[in-house]
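Numbering (our numbering), first residue to last: 2 to 805. All residues carry an ideal CB built from backbone N, CA and C; glycine is no exception.
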């Protein structure tokens, strides 16, 4: 392969990181946006695109983080109110990254809940001190301090009928309190829960309300009578519930009784249930949930249950920060969003033309992203953390995974529906399965390694198809491969060899026929993290915790080359450019691109700030993906040819501009020549042109400088600062600088580092001033001496006259 085909540069095409890390989450009225609490800022996420549209409140490098305690949005989503650790309320208009208003909360401690009226004219806030305060939103002043609640106020909301002038709140006393917003007097007290109240929802009739709690009951209230209509035991802790509008379509038939009130709830079992509250009957229970039930009794599975009337959709937020959107009518999952990716352990491309990306993220679920839209499927089946993923070019629709529960699973993607199902599983190891690898030329077998120090070979089913039942995967050969944990396994491109790398500082070569050991590679000073066969040569590459990569001859079993450059453990690597290059990742978060021929690093890619556990390269090598401990998934694009084309085009344009400059100078078109010289960044050419303009007159110079574009004026200032360092050219430099400051004005100059430029000019200007001052003093002294001589000896003057 020619050096011209080698890769030289990669640029970030997209980055995917956490947009919801816990706390509050709200859904816009038009169903398009989700407002998610993300550490110390708010992420506005597009539901349709699954991408962050806007980030509000994110601190810059020089700013101190101001953690958000709680937030709310207006009904139309046009503005957002947040409360911060600094005890400040901040108002955002939903488009600017800076707040439009900031005011003091005057609560004693953090504010745990905020609510706005539908019109957005009034606001209520509930603090950890048990107080509820009402605010005039226009003037940002507190109008009432409502008392009666005890403990942390966790729920606060206005009655949807503004004419009732009611605001409700619930705290640690398990009571729902209602106050009149005009008088500040308590008018409603609803007692019935014996544990924390987790949600409060109102019926459109303005009379009934629904509350849920961790005491495993739903209560339907009559607000007018201030009493419960029905207390419905649901036998699970409920984290979210809402009253379904009468006009909404349901997955089941509604009762004929028009006075029926329907509600949906979700909690520790991870499923949505629909109830008819007046009769207490459960009408529907979700069967297609992707959220596992809580492992412990009274634990959490669903953290929030959201409803959007515009799209008649339900949103479930799991404890692992996954957001699942279902249509309420058919209860089919329409969208899966991953709020928090978690630590990324492995990555694999899957699907024809590498259309999807499978990601293992320190959980028992596999995230499957469609790369064109980054929409996600959650693949459930493993019972413990997924450690490794593998795919094969022999059949791009199959995926292999392994987990901490000693299990391997085989998955198949349907070409038409793009859905993935588990078609087989096997448990033959006695410890966590750390790595798996497929055969390359044909999908006949795969291999696995484990913390039990064993290497196993498995047969793949002859007919790989989804039948609705899983087949049992069986290991055909087993060997005790190493004396310590095995970190990596790979299969050669011709499926005849297998290589393993271990913490015992060695890599080993095995026959793919019967797992007979063929050789041992010794030379690393620490454990071997990754092994890879070259796609074209009889060469094996190994990477190690000793910060090196080594190339080994498969025939002689000796080390051919050592790549040194990483400053920490080299965790993963892949061959590129038909084996002529290697891309590697380290524990310091850096990716390095190596030339196999020269053993030199060609490029370093820096986006991660922690260990990069995995790299995946697509079939055409146009993109690669990296992920690691910083929960950041980065998609890189090969820009080598693109940059070369840009460089050629730039060089051609440069040559044209230089020719134009020469022509303009020859034709004495000074103004046009000045613009070209500034564009080409040629300070000495600019100097000669300015000197020529000065000879024509200062007015011409001033007019020319004023007519320049701001970027050109900035470049001219740079040139003047350079000239000012030389005593020969300082006069022209001072003239240009004076013209820029006088005619353009300091405030209108658009230079990024104007202050630094002017400060760097001051010492040279002082030196020039001292030299000129000394010249003037010498000149005056000389003039004084001559005049004195004339006064004392008139013959001198006569002599001079005669000579003249």
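Using DSSP's beta-bridge definition, name the partner residues of residue i.
i: residue 412; result: 400 and 423
i: residue 533; result: 542
i: residue 286; result: 274
i: residue 490; result: 501
i: residue 733; result: Residue 733 pairs with nothing; no bridge assigned.
i: residue 832; result: For the chain, the structure presents residues 2 to 805; residue 832 sits outside this window and is missing.
i: residue 393; result: 396
i: residue 73; result: 82
i: residue 179; result: 169 and 189
i: residue 89; result: 105
Does the separation of the CB atoms of residue i and residue j fall below 8 Å?
i: residue 437; j: residue 391; result: yes
i: residue 400; j: residue 409; result: no
i: residue 171; j: residue 112; result: no
i: residue 808; j: residue 595; result: Because the chain in this structure spans residues 2 to 805, residue 808 falls outside the shown range and cannot be described.
i: residue 480; j: residue 498; result: no
i: residue 44; j: residue 37; result: yes
i: residue 614; j: residue 572; result: yes
i: residue 291; j: residue 241; result: no
i: residue 41; j: residue 68; result: yes
i: residue 176; j: residue 190; result: yes
i: residue 372; j: residue 361; result: no
i: residue 82; j: residue 73; result: yes
i: residue 184; j: residue 168; result: no
i: residue 763; j: residue 740; result: no
i: residue 16; j: residue 608; result: yes
i: residue 454; j: residue 434; result: no
i: residue 289; j: residue 334; result: yes
i: residue 273; j: residue 317; result: yes
Can you tell me where the alpha helix (DSSP H) holding residue i begins and where it ends?
i: residue 683; result: Per DSSP, residue 683 belongs to no alpha helix (DSSP H) and is neither H nor E.
i: residue 646; result: 641-667
i: residue 381; result: Segment: none, residue 381 is in no alpha helix (DSSP H) and carries neither H nor E.
i: residue 345; result: Element bounds for residue 345: n/a, residue is neither H nor E.
Counting C-beta neighbours from all protein chains within 10 Å, is the total for residue i 16 or more, i.e. buried, or is it exposed?
i: residue 98; result: exposed
i: residue 403; result: buried
i: residue 323; result: buried
i: residue 439; result: buried
i: residue 4; result: At residue 4, the pLDDT of 49 sits below 50, so the modelled position is not reliable; the number obtained from the coordinates is stated separately. So residue 4 counts as exposed.
i: residue 704; result: exposed
i: residue 253; result: exposed
i: residue 549; result: buried
i: residue 225; result: exposed
i: residue 2; result: The pLDDT assigned to residue 2 is 43, lower than 50, so where the model puts this residue is not dependable; a value taken from the coordinates is nonetheless given after this. Under this definition residue 2 is an exposed residue.
i: residue 777; result: exposed
i: residue 643; result: exposed
i: residue 521; result: exposed
i: residue 145; result: buried
i: residue 296; result: exposed
i: residue 65; result: exposed
Closer than 8 Å, CB to CB, is residue i near chain D or not?
i: residue 331; result: Included in the structure is just one protein chain, with no chain D present.
Once you ignore the five residues that flank residue i on each side, which residues in its own chain have a CB closer than 7 Å to its CB?
i: residue 460; result: 446, 475 and 477
i: residue 809; result: There is no way to answer for residue 809, as the model of the chain reaches only from 2 to 805.
i: residue 504; result: 485, 486, 488 and 528
i: residue 566; result: 593 and 602
i: residue 805; result: Legend: pLDDT at residue 805 = 42, less than 50; position of this residue unreliable, value from coordinates given subsequently. None.
i: residue 641; result: 8, 9 and 10
i: residue 162; result: 207
i: residue 734; result: 721, 724 and 725
The beta strand (DSSP E) spanning residue i covers which residue range?
i: residue 223; result: 218-223
i: residue 143; result: 142-147
i: residue 713; result: Run containing residue 713: none in the beta strand (DSSP E); it sits in the alpha helix (DSSP H), 711-724.
i: residue 103; result: 102-105
i: residue 509; result: 507-512
i: residue 607; result: 601-607
i: residue 807; result: Limits of the chain in this structure are 2 at one end and 805 at the other, which puts residue 807 out of reach.
i: residue 808; result: A question about residue 808 goes unanswered here, because the residues of the chain that appear run from 2 up to 805.
i: residue 308; result: 303-309
i: residue 34; result: 34-39
Within a Cβ cutoff of 6 Å, which residues of the same chain sit near residue i, ignoring the five residues on either side of it in sequence?
i: residue 562; result: 552 and 600
i: residue 294; result: 270, 271 and 302
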